[in-house]
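Participant:
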């Protein structure tokens, strides 16, 4: 009984569009006849057109209901319900609305709008992070630094940030550090850990982590599957979904901006911070100069350590060789001398030393040693 009297939604047809066109033409004719009230009639015309749109205006009511996102609808995907026009993001969304239109419209209270979502972009040194943080605190919403999120995904394994700006050591510096380590081992000394810090061992990254690392190192856009996994956390999951956020440093490339539209991640606004080159120069240069000075200081300290190590190693080698020569000399002396023991008549033992004389000084032998070189005996 009640069904025939209930409101139903229907898809806009060519006849509906023609009817709207005729209405607009009629209004235009009325405006021409009442030229003296042109400005007032223009305002009324805008108000009238707004009345034709549904509760979600030109946004898709299905996406708002299901994902809590304001996504602009397609004018070619439209339907009418209770004499109001609704636009939809896709044909599938329109079909859902046509089946149960009452689920996607306001009844006693207006529809709740989603929280504020802002993308904040700008060149390095423009101050977007500082502005984003202050604005997020004022609006009581989340502040998300996109590249910091990527770094956190790798930090547990790499133990340091990844990117060209974090690669402080050149190949020459790495070679110098390696030389310093080897010299320290040879010299048997311990130097400061900062000067002998070894490279971190190679870590096993997952395929996703390798792609993220490549994006940070080579300044390349992320593939859609990784972007969707990251962005869905902020657009579709609590607590960020119902709180809102300022997304700092995203999108970075045209491909990432296109991804937002293709996958329904629509920000409410994108703010681009633009500043003079001189301002960026003045802001970044002092820190870079200090960084360079510190780097040069470490380089000089490392060179001095290498020089001191080489000097110590050379001195140690000379001392070692001197000791070896002394040992060799003593060994040769022992080879031309020997100790012997002989018995006396009283069975006492006298320790003596036998010294061989040169053949030129040989004298007639003693009893028992006839024909032998002369031996001189002395008590020790």
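In full-length UniProt numbering, the protein residues as written are 1 to 380. Just so you know, even glycine gets a beta-carbon here, dropped at the ideal spot from N, CA and C.
What is the DSSP secondary structure of residue 104, counted as helix, strand or coil?
Facilitator: Taking the chain shown and counting its residues from 1, the one referred to as residue 104 is at position 104. Note: residue 104 maps to helix in three-state DSSP.
Participant: Starting from the Cα of residue 87, find the closest Cα among 54, 263 and 262 and give me that residue.
Facilitator: Counting from 1 along the chain shown, the entry for residue 87 is found at position 87. Among 54, 263 and 262, the Cα nearest to that of residue 87 belongs to 54.
Participant: Straight-line CA distance for residue 163 to residue 302?
Facilitator: Within the chain shown, the letter at position 163 stands for residue 163. Within the chain shown, the letter at position 302 stands for residue 302. Those two C-alpha atoms are separated by around 25 Å.
Participant: Helix, strand or coil for residue 121 per DSSP?
Facilitator: Here residue 121 corresponds to residue number 121 of the chain shown, with the count starting at 1. It is a strand residue.
Participant: On the three-state DSSP scale, how would you describe residue 224?
Facilitator: On the chain shown, position 224 is the one that residue 224 refers to. Residue 224 falls in the helix class under three-state DSSP.
Participant: What is the rounded straight-line gap between the Cα of residue 128 and the Cα of residue 119?
Facilitator: Reading the chain shown from its first residue, position 128 is the one you call residue 128. Reading the chain shown from its first residue, position 119 is the one you call residue 119. Distance between the alpha carbons of residue 128 and residue 119: 10 Å.
Participant: For the alpha helix (DSSP H) containing residue 67, list its first residue and its last residue.
Facilitator: The residue given as residue 67 occupies position 67 in the chain shown. Counting along the chain, the alpha helix (DSSP H) containing residue 67 begins and ends at 61–67.
Participant: In this structure, does DSSP put residue 265 in helix, strand or coil?
Facilitator: Against the chain shown, residue 265 aligns to sequence position 265. Coil, per DSSP.
Participant: Below 8 Å on the Cβ atoms is my contact criterion, and I expect residue 244 with residue 69 to pass it. Report the Cβ-Cβ distance as a whole number of Å.
Facilitator: As a working mapping, residue 244 is identified with position 244 in the chain shown. As a working mapping, residue 69 is identified with position 69 in the chain shown. Going by Cβ atoms, the distance from residue 244 to residue 69 rounds to 12 Å, so no, they are not a contact pair.
Participant: Give a yes or no on whether the C-beta atoms belonging to residue 273 and residue 131 are separated by under 9 Å.
Facilitator: Locating residue 273 in the chain shown gives position 273, counting from the first residue. Locating residue 131 in the chain shown gives position 131, counting from the first residue. A contact, by the Cβ cut-off of 9 Å.
Participant: Taking residue 83 as the reference, give the member of 63, 52 and 121 with the closest Cα.
Facilitator: Along the chain shown, one-based indexing puts residue 83 at 83. Cα-wise, what sits closest to residue 83 is 52.
Participant: What is the rounded straight-line gap between the Cα of residue 252 and the Cα of residue 26?
Facilitator: One-based indexing of the chain shown puts residue 252 at position 252. One-based indexing of the chain shown puts residue 26 at position 26. Near 48 Å, if we compare the C-alpha coordinates of residue 26 and residue 252.
Participant: Where do the N-terminal and C-terminal ends of the alpha helix (DSSP H) with residue 293 fall, by residue?
Facilitator: Against the chain shown, residue 293 aligns to sequence position 293. From DSSP, the alpha helix (DSSP H) with residue 293 extends over 277–335.
Participant: Cα separation between residue 149 and residue 76?
Facilitator: Within the chain shown, residue 149 is the residue found at index 149, counting from 1. Within the chain shown, residue 76 is the residue found at index 76, counting from 1. One C-alpha to the other measures close to 38 Å.
Participant: What's the C-alpha gap between residue 9 and residue 99?
Facilitator: The residue given as residue 9 occupies position 9 in the chain shown. The residue given as residue 99 occupies position 99 in the chain shown. Taking the straight line from one Cα to the other gives about 8 Å.
Participant: In the DSSP assignment, what residue or residues form a beta bridge with residue 270?
Facilitator: For this step, residue 270 is matched to residue 270 along the chain shown. 119.
Participant: Tell me, please, which residues DSSP counts as bridged to residue 84.
Facilitator: Here residue 84 refers to the residue found at position 84 when the chain shown is read from its first residue. Paired residue(s): 81.
Participant: Could you tell me the alpha carbon to alpha carbon distance between residue 328 and residue 178, rounded to whole angstroms?
Facilitator: Taking the chain shown and counting its residues from 1, the one referred to as residue 328 is at position 328. Taking the chain shown and counting its residues from 1, the one referred to as residue 178 is at position 178. Using only the alpha carbons, I get a separation of about 36 Å.
Participant: The alpha helix (DSSP H) that contains residue 240, what's its start and end?
Facilitator: Here the question's residue 240 lines up with position 240 in the chain shown. 240–243 is the extent of the alpha helix (DSSP H) around residue 240.
Participant: Taking contact to mean 3 or more Cβ pairs, one atom from each stretch, closer than 8 Å, check whether the region 208–224 and the region 248–262 are in contact.
Facilitator: Segments in contact, yes.
Participant: For residue 142, does the three-state DSSP call read helix, strand or coil?
Facilitator: For the purposes of this step, residue 142 is taken as residue 142 along the chain shown, with counting starting at 1. Residue 142 falls in the strand class under three-state DSSP.
Participant: Do you know offhand how far residue 246's Cα is from residue 67's?
Facilitator: Walking along the chain shown from the start, residue 246 turns up at place 246. Walking along the chain shown from the start, residue 67 turns up at place 67. Straight-line Cα distance between these residues: approximately 18 Å.
Participant: To the nearest angstrom, how far is it from the Cα of residue 122 to the Cα of residue 250?
Facilitator: For the purposes of this step, residue 122 is taken as the residue at position 122 of the chain shown. For the purposes of this step, residue 250 is taken as the residue at position 250 of the chain shown. Rounded to whole angstroms, residue 122 to residue 250 spans 9 Å at the Cα level.
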